[in-house]
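**Q** Chains as they are written, first to last, in UniProt numbering: chain A, 1 to 344; chain B, 1 to 286.
Structure incoming, see below.
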Amino acid sequence: MRKWTRALALLLAAVLALSLGACGKKADEKVLNVFTWATYFPDDILAEFTEQTGIKVNYSTFESNEEMLMKLESGGEYDIVLASDYIIDIARGQGLLMELDKSKIPNFKNINPTYQNTFFDPDNQYVVPYSAGVPMIIYNPAMTGGVEIKGYEDLWNPAFADSVVVMDDARNIIGITLKTMGKSFNETDPAVLEQAKEKLMTLRPNIRAFDYNTPYNLMISGETAVGYMFTSQVITALNANPELKTVYPAEGVGFGIDAVFIPAKAPHADNAHAFLDFILDGERSARITEQTFYGSCNSAATPYITNPLLVIPDDAIRSGESIKDVGEEATALFNDIWTEFKQS
Amino acid sequence: MKRARKGRGFPAAGVPFLLWTAFFVAIPLIYILCMSFMKRAATWGVVAEFSLGSYAKMLSPAYLRVFGESLWLSVLTTGFTLLLGYPFAYFTAQLSPKRRSLALLLVIVPFWTNSLVRIYGWMILLRSQGVVNALLIALGVIDTPLKLLYNFGAVLVGMVYALLPFMILSVYNSISKLDPSLTEAARDLGAGKWRAFWSVTVPMTRAGIMAGCVLVFIPSVGLFFISDLLGGAKTMLLGNLIKNELLTARNWPMGAALSVVMMAATLLVIGLYQKLSGEKSLEGIV
């Protein structure tokens, strides 16, 4: 018993000594703690960063934005966080973001102005936009029988009975219904949402399948004539069948931006600034875009990007709308409508 | 005397088992039960505040329809597996021992493959440019591909396919134990083939039928990926709803409450099984 106590005391002392020692030199450690979804920063980019700067990258992952926020709130020591717009807005409100020192990020000028002055960073103080997720319409001209497709409203066309695939997502699909009614993706008025529900129910006969992760399979195999899915999925479908056509819906796209920020308590803020400048380089940013398959937010990258779908027209973004957090009550309402719609 | 007996009822050897049960069964269940009475937090997790909201919400028509549809699909699945599984088990039991093992091996081997992979196999068979449609078109039966995938029928096929082995094995288990001299006696006493089957074989194998039904019915309530893959996520079942509440809507209390209801329903079915089969132990289904 005695032996154990002594061993334990020694161990504790050792741990204490080590952690104290670590505290002293943290800021100039050659380390960068990155926190985002798995594989969202491509491996070769991270390896190149380490090679050029000697800074070791520790990559931690989260499953959802909400999990990220919780870990950040409870004092997680991260230097670089890549997450979605709406959650960054919440984190900014809580003072969890560090103001960027732009003198350390010369490549900041490369950012496409279309993706700046956003709702989650109105004065461009805190974030570097990383990629844009823009769902669009894709159709198979061989199966649509010459029916012209311009926007969301066309998904309701009776000609497409049982031949449409849409993502299995409440906010997006109720959102496009709202757009056809001239309302916002972020509508919160229960009366308007009730009307949207009624309109949505009439879409049901056209739905062949709901698919969030692999909707391109249905377009490739000729199972569906029309689809509404993310750009990355549209590209996968086009790679398999170049005959497919794409449309930025006339009513306006509903998009989301994923952006990078430095947490207010980042232990290695200098390394984080160096990393931001590194990924904002045009050629490198293009390489990231071609690997992640999301829309580019970097003007300097445009000449290097070979797939035109990865450079979303500025007009589509300007006429579009960010899908934001609508608060607890409206979120519950969206989910209820979705359950009812799927069960109908 | 009394003391000694008390001591024997709680031997030290049982402690690891009790701890295991406490940690991996009792505590998680209590955790789920408690969570089902809490409220959803704004961004992540739950707020420890008592609420019956989740249970009240289940009474809304949309949720009741989910229960109804789930129940209907489970009943159909159980019915069809019995319809297919019983004859299969019956005729397998009549085979020579060598062929019998082969037949059972053929039932069990696909079972070792991940069920997700096997369901993808069904997708390849059923899709519009898939094997079945190609075959029918080649044979000149149809001109344009049939829409075989993404409907209720496809989900039912997948469910029956996935759960059939449970039915076959439990029914086979009781048929193989059946003494053939009993049916022979019935025939000797003048019963026809069918009569002997219905009034001797079926009642004698009732335990196996019941066990098979329970083994098919219970998992069929919770399987969600078959409806997602073969039904195009158009049929929302209880399993899908729980997954949706937990992962997409992030309404953990609602997901927990639905899980509690599902477990209660499962217990009810097992209770029914015990009552109807007259078996006190659950040996038939474990």
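Cβ atoms here follow ideal geometry from the backbone N, Cα and C, with glycine treated the same way.
Residue 222/A CB to nearest chain B CB: under 9 Å?
**A** Stepping through the first sequence from its first residue, residue 222/A is reached at position 222. So, interface residue.
**Q** For residue 346/A, does the three-state DSSP call read helix, strand or coil?
**A** Because chain A is modelled from 1 through 344, residue 346/A falls outside the range shown and cannot be assessed.
**Q** By the criterion of Cβ-Cβ separation under 9 Å, what are the contact partners of residue 61/A in chain B?
**A** Counting from 1 along the first sequence, the entry for residue 61/A is found at position 61. None at all; the shortest Cβ gap to chain B is about 16 Å.
**Q** Got a sec, what are the start and stop residues for the beta strand (DSSP E) residue 59/A sits in?
**A** As a first step, residue 59/A is located in the first sequence; it is residue number 59 there, counting from the start. Its beta strand (DSSP E) spans residues 56-61.
**Q** Per DSSP, what kind of secondary structure is residue 136/A in: helix, strand or coil?
**A** In the first sequence, counting from the first residue as 1, residue 136/A sits at position 136. Three-state result, residue 136/A: strand.
**Q** Taking residue 243/B as the query, report the chain A residues whose CB atoms sit under 8 Å from its CB, ordered along the chain.
**A** Counted from its first residue, the second sequence places residue 243/B at position 243. Ordered by position in chain A, no residue passes the 8 Å Cβ test against residue 243/B, which lies about 11 Å from the chain.
**Q** Run through chain A and tell me which residues come within less than 7 Å of residue 147/B, C-beta to C-beta.
**A** On the second sequence, residue 147/B is found 147 positions in, with the first residue counted as 1. Residues of chain A passing the Cβ test: 162.
**Q** Compare the C-beta of residue 61/B against all C-beta atoms of chain A and say whether one is closer than 9 Å.
**A** As a first step, residue 61/B must be located in the second sequence, where it is residue number 61. Taking Cβ atoms only, chain A reaches closer than 9 Å to residue 61/B, which makes this a yes.
**Q** Can a CB atom of chain B be found closer than 9 Å to the CB of residue 284/A?
**A** In the first sequence, counting from the first residue as 1, residue 284/A sits at position 284. For residue 284/A, the answer is no, since every Cβ of chain B falls outside 9 Å of its Cβ.
**Q** Assign residue 321/A to one of three DSSP states: helix, strand, or coil.
**A** Residue 321/A sits at position 321 when you count from the first residue of the first sequence. Looking at residue 321/A - three-state DSSP - the assignment turns out to be strand.
**Q** Could you check if residue 59/B is buried or exposed, using at least 16 other CB atoms within 10 Å of its CB as the buried criterion?
**A** The residue given as residue 59/B occupies position 59 in the second sequence. Its Cβ having fewer than 16 others within 10 Å, residue 59/B is exposed.
**Q** To the nearest whole angstrom, what separates the beta carbons of residue 230/B and residue 119/B, a pair I think is in contact under 8 Å?
**A** The residue given as residue 230/B occupies position 230 in the second sequence. The residue given as residue 119/B occupies position 119 in the second sequence. Confirmed, Cβ separation roughly 7 Å.
**Q** DSSP puts residue 217/A in a beta bridge; with which residues?
**A** Taking the first residue of the first sequence as position 1, residue 217/A is located at position 217. The partner list for residue 217/A (beta bridge, DSSP) is empty, contrary to what the question assumes.
**Q** Report back the beta-carbon spacing between residue 272/B and residue 69/B to the nearest angstrom; my notes put them in contact at under 8 Å.
**A** Against the second sequence, residue 272/B aligns to sequence position 272. Against the second sequence, residue 69/B aligns to sequence position 69. Actually they are not in contact, since the Cβ atoms of residue 272/B and residue 69/B sit about 21 Å apart, beyond 8 Å.
**Q** Can you pull the chain A residues whose beta carbon is under 7 Å from the beta carbon of residue 129/B, in chain order?
**A** Against the second sequence, residue 129/B aligns to sequence position 129. Under the 7 Å cutoff, chain A gives 221, 222.
**Q** If we ignore side chains and look at the alpha-carbon of each, how far apart do residue 107/A and residue 148/A end up?
**A** Taking the first sequence and counting its residues from 1, the one referred to as residue 107/A is at position 107. Taking the first sequence and counting its residues from 1, the one referred to as residue 148/A is at position 148. Residue 107/A and residue 148/A have their C-alpha atoms spaced approximately 42 Å apart.
**Q** On the DSSP letters alone, give me the boundaries of the alpha helix (DSSP H) that residue 99/B sits inside.
**A** Taking the first residue of the second sequence as 1, we reach residue 99/B at position 99. Note, residue 99/B: alpha helix (DSSP H), 97-108.
**Q** Would you say residue 335/A lies against chain B (beta-carbon separation less than 9 Å)?
**A** In the first sequence, residue 335/A corresponds to position 335, counting from 1. Residue 335/A counts as touching chain B.
**Q** Per DSSP, residue 363/A is paired with what?
**A** The requested residue 363/A does not occur in the structure, where chain A is confined to residues 1 to 344.
**Q** Using the three-state DSSP reduction, which class does residue 141/B fall into: helix, strand or coil?
**A** Stepping through the second sequence from its first residue, residue 141/B is reached at position 141. Three-state result, residue 141/B: coil.
**Q** For residue 273/B, which of helix, strand or coil comes out of DSSP?
**A** Along the second sequence, one-based indexing puts residue 273/B at 273. In the structure shown, residue 273/B sits in a helix (DSSP, three-state: H, G or I).
**Q** Return the bridge partner residues of residue 242/A from the DSSP annotation.
**A** Residue numbering aside, residue 242/A sits at position 242 when the first sequence is read from its first letter. DSSP, once it has assigned bridges, lists no residue as partnering residue 242/A.
**Q** Is it true that the CB of residue 280/A sits closer than 9 Å to the CB of residue 250/A?
**A** Locating residue 250/A in the first sequence gives position 250, counting from the first residue. Locating residue 280/A in the first sequence gives position 280, counting from the first residue. No, the Cβ-Cβ distance between residue 250/A and residue 280/A is not below 9 Å.
**Q** Could you tell me the distance, in whole angstroms, from the CA atom of residue 16/B to the CA atom of residue 237/A?
**A** By 1-based counting over the second sequence, the position of residue 16/B is 16. By 1-based counting over the first sequence, the position of residue 237/A is 237. In a straight line, the C-alpha of residue 16/B is about 54 Å away from that of residue 237/A.
**Q** Along chain A, in chain order, which residues have C-beta atoms closer than 8 Å to that of residue 234/B?
**A** Translated into positions along the second sequence, residue 234/B becomes position 234. Neighbours of residue 234/B on chain A, chain order: 207, 209, 210, 342.
**Q** Can you tell me the Cα-Cα spacing of residue 21/B and residue 260/A, whole angstroms?
**A** Position 21 of the second sequence, counted from the first residue, corresponds to residue 21/B. Position 260 of the first sequence, counted from the first residue, corresponds to residue 260/A. If you take the alpha carbons of residue 21/B and residue 260/A, they lie about 45 Å apart.
**Q** Establish whether the CB of residue 206/B and some CB of chain A are separated by less than 9 Å.
**A** Against the second sequence, residue 206/B aligns to sequence position 206. Closer than 9 Å: no.
**Q** Can you round the beta-carbon distance between residue 156/B and residue 76/B to whole angstroms, since I take them to be within the 8 Å contact cut?
**A** Position 156 of the second sequence, counted from the start, is the residue given in the question as residue 156/B. Position 76 of the second sequence, counted from the start, is the residue given in the question as residue 76/B. At roughly 6 Å, the Cβ-Cβ gap stays under 8 Å, so residue 156/B and residue 76/B are in contact.
**Q** Going along chain A in order, which residues have a C-beta closer than 8 Å to the C-beta of residue 200/B?
**A** On the second sequence, residue 200/B is found 200 positions in, with the first residue counted as 1. Simply none; closest approach about 45 Å.
**Q** Between the region 132-146 of chain A and the region 215-227 of chain A, can you find at least three pairs of beta-carbon atoms closer than 8 Å?
**A** yes
**Q** Pull out every residue of the region 73-106 of chain B whose Cβ sits closer than 7 Å to any Cβ of chain A, in chain order.
**A** none
**Q** For the beta strand (DSSP E) containing residue 121/A, list its first residue and its last residue.
**A** Position 121 of the first sequence holds residue 121/A. Run containing residue 121/A: none; DSSP gives neither H nor E here.
**Q** Just the chain A side, please: which residues come within less than 7 Å of residue 66/B by C-beta, in chain order?
**A** Indexing the second sequence from 1 puts residue 66/B at position 66. Within chain A, the residues near residue 66/B are 343.
**Q** Taking Cβ to Cβ, would you say residue 82/A is nearer than 9 Å to residue 114/A?
**A** Numbered from its first residue, the first sequence carries residue 82/A at position 82. Numbered from its first residue, the first sequence carries residue 114/A at position 114. Taking 9 Å as the Cβ cut-off, residue 82/A and residue 114/A do not qualify as a contacting pair.
**Q** How big is the Cα-Cα spacing for residue 3/B and residue 276/B?
**A** Looking up residue 3/B in the second sequence gives position 3. Looking up residue 276/B in the second sequence gives position 276. Confidence is the limiting factor: at residue 3/B the pLDDT is only 47, short of 50, which leaves the residue's position unreliable, though a coordinate-based value still follows. For residue 3/B and residue 276/B, the distance between alpha carbons rounds to 39 Å.
**Q** Name the one or two DSSP bridge partners that residue 128/A has.
**A** The residue labelled residue 128/A in the question sits at position 128 within the first sequence. Beta-bridge pairing by DSSP links residue 128/A to 260/A.
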